[in-house]
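According to the UniProt record's numbering, the stretch in the sequence shown is residues 1 to 336, in order.
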Amino acid sequence: MKKHDLHTHCINTDFQGSILVTNGSQIEFKQAYGLADRVHNISNSTHTRFGIASGCKLFTAIAILQLIEKGCFSLDSRLRDVLPLKHSHFHESITVHQLLTHTSGIPDYFDEEEMDDFEDLWKERPSYRMESPADFLPLFEQEPMKSTPGERFSYNNSGYVLLGLIIEAHTGITFSEYVETHIFESAGMEKSGYFRMDQLPDGTATGYIGLGDGLYKSNIYSLPVKGGPDGGAYTTTEDFHALLDSLFKHHLLTRESTDLILKPHVASGTGTFYGYGVWVIQDEGDDTPVYSLMGLDPGVSFRSVIIPEDDRMITVLSNCDDQAFSLMTFIRENGI
1 MKKHDLHTHC INTDFQGSIL VTNGSQIEFK QAYGLADRVH NISNSTHTRF
51 GIASGCKLFT AIAILQLIEK GCFSLDSRLR DVLPLKHSHF HESITVHQLL
101 THTSGIPDYF DEEEMDDFED LWKERPSYRM ESPADFLPLF EQEPMKSTPG
151 ERFSYNNSGY VLLGLIIEAH TGITFSEYVE THIFESAGME KSGYFRMDQL
201 PDGTATGYIG LGDGLYKSNI YSLPVKGGPD GGAYTTTEDF HALLDSLFKH
251 HLLTRESTDL ILKPHVASGT GTFYGYGVWV IQDEGDDTPV YSLMGLDPGV
301 SFRSVIIPED DRMITVLSNC DDQAFSLMTF IRENGI
């Protein structure tokens, strides 16, 4: 596929967002489309910040491995030993590793196996009060376990909330402060941050939810007011590639810890595995894995694919539902 074909596809499908494709240090495609602000008719640019939803789980995993490198705890440390919780019904044997790999079996405040729309979660709960990881605890700590720890993979947002609380407990600062200082600043991610949705800085795209017939509404009442360890940070395509570059060059973690992030720890489907905060796509007998990150919230869609064999990274950010997913499929099926 030629670059012109990708550009034409974005125009024809009314894509709203930003795309960056790199091959090593070379930029193969860099373009933005659509509107960051429909009220004031402000266009998206290649420097626009977008929400990335669950793509943030990689930040949390990196932070946990950094603290492990400092000797704060280990992957085998039990949740009860690293984060005392007075009122939970969580199994005593849950480990940090199980939280990272979605195998802890704890109840999820947004169970994607049973619930369809994240927006529905905030119809009876004021999203503007969800400002920190601790604010999410009442949503799940009294619920029964879903399964025995280590029994099976079940994607779990609550597990990453607990990881964020562990980070706060062992650093004495907020989760967002830790990530912004020890990951974003270290990786040179100058435009990225955990911004409040009611205080978004200039150059940040508003998320939009399609209502049909060309109508949209913003997602300000559809998500927690501030992101946390399971999702909700804002970044640019360039910043996210800076993060990936820093990770793969071992600037954020040792080689051993980086390998643990990227290791296919648990199967989540045929040829699909989960590492720590990252999906690993690897067919049986294939020695060349592909790494994938993704996020989907009301008014937010994000995909990033890393192909080490070709030294290629592809990141798609969008401020509309699902658009990043369909566009990434088009790119992967047609090449560039």
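Note that CB positions come from ideal geometry on N, CA and C, so glycine has one too.
Being a predicted model, the structure only gives us computed values, none of them experimental.
TODO: Indicate whether L85 and E119 have their beta-carbon atoms separated by less than 8 Å.
DONE: With contacts defined by Cβ atoms closer than 8 Å, L85 and E119 do not form a contacting pair.
Open item on the list: Please give me, in chain order, every unbroken run of the alpha helix (DSSP H) with length at least 4 that falls completely inside the segment 216 to 302.
Closed with: 237 to 248 and 255 to 262
Task: Pair within 8 Å by beta-carbon distance, L67 and F59 - done: no
Task: Host alpha helix (DSSP H) of G159 (start-end) - done: N157 to T171
TODO: Using only alpha-carbon positions, find the residue among Y194, A187 and Y155 that is nearest to Y274.
DONE: Y155
TODO: Compare the C-beta of L85 with all C-beta atoms of chain C and state if any pair is closer than 8 Å.
DONE: Checking the listed chains, one finds no chain C in this structure; it contains a single protein chain.
- [ ] Grab the span of the alpha helix (DSSP H) containing L100 for me, first residue to last.
- [x] V96 to L100
Open item on the list: So, for F50: in the same chain, excluding its five sequence neighbours on each side, which residues have a beta-carbon less than 6 Å away from its beta-carbon?
Closed with: A205, L317 and N319
TODO: Report the three-state DSSP secondary structure of D311 (helix, strand or coil).
DONE: coil
TODO: Could you give the DSSP three-state label for Y33: helix, strand or coil?
DONE: strand
TODO: Please say whether T46 and T237 have beta carbons closer to each other than 8 Å?
DONE: yes
Task: Integer Cβ distance of D230 from S88, believed to fall under 8 Å - done: Actually they do not touch by this definition, with Cβ atoms about 17 Å apart.
Open item on the list: What does the Cβ neighbour count give for R4, buried or exposed, with the cut at 16 atoms within 10 Å?
Closed with: First, the amino acid is wrong: residue 4 is His here, not Arg. When all chains shown are included, H4 counts as exposed.
TODO: Would you tell me roughly how many angstroms separate the C-alpha atoms of H251 and A187, rounded to the nearest one?
DONE: 8 Å
TODO: Rounded to whole angstroms, what's the CA-CA distance from G269 to Y291? Just pull it up for me.
DONE: About 15 Å.
Task: Start-to-end residues for the alpha helix (DSSP H) that takes in L6 - done: K3 to N12
Open item on the list: Buried or exposed for T288, going by 16 or more other Cβ atoms inside 10 Å?
Closed with: That one is exposed.
- [ ] Thinking L163 and L99 are a contact (beta carbons under 8 Å), I'd like their distance in whole angstroms, please.
- [x] 5 Å
Task: S25 to I64 span [Cα, whole Å] - done: 29 Å
Open item on the list: Tell me the DSSP secondary structure of G193 in three-state form.
Closed with: strand
Open item on the list: Run through the DSSP bridge pairs and tell me what S318 is partnered with.
Closed with: In the DSSP output, where bridge partners are listed per residue, S318 has G17 and S301.
Task: Contacting residues, own chain, Cβ-Cβ under 8 Å from D198 (five flanking each side not counted) - done: Y128, I220 and V225
Task: When N44, N23 and L293 are compared against Q16, the one with the closest alpha-carbon - done: Nearest C-alpha to Q16: N44.
Open item on the list: Let me check understanding here. Comparing Cα to Cα, which of L243, L165 and V280 lies closest to L260?
Closed with: V280
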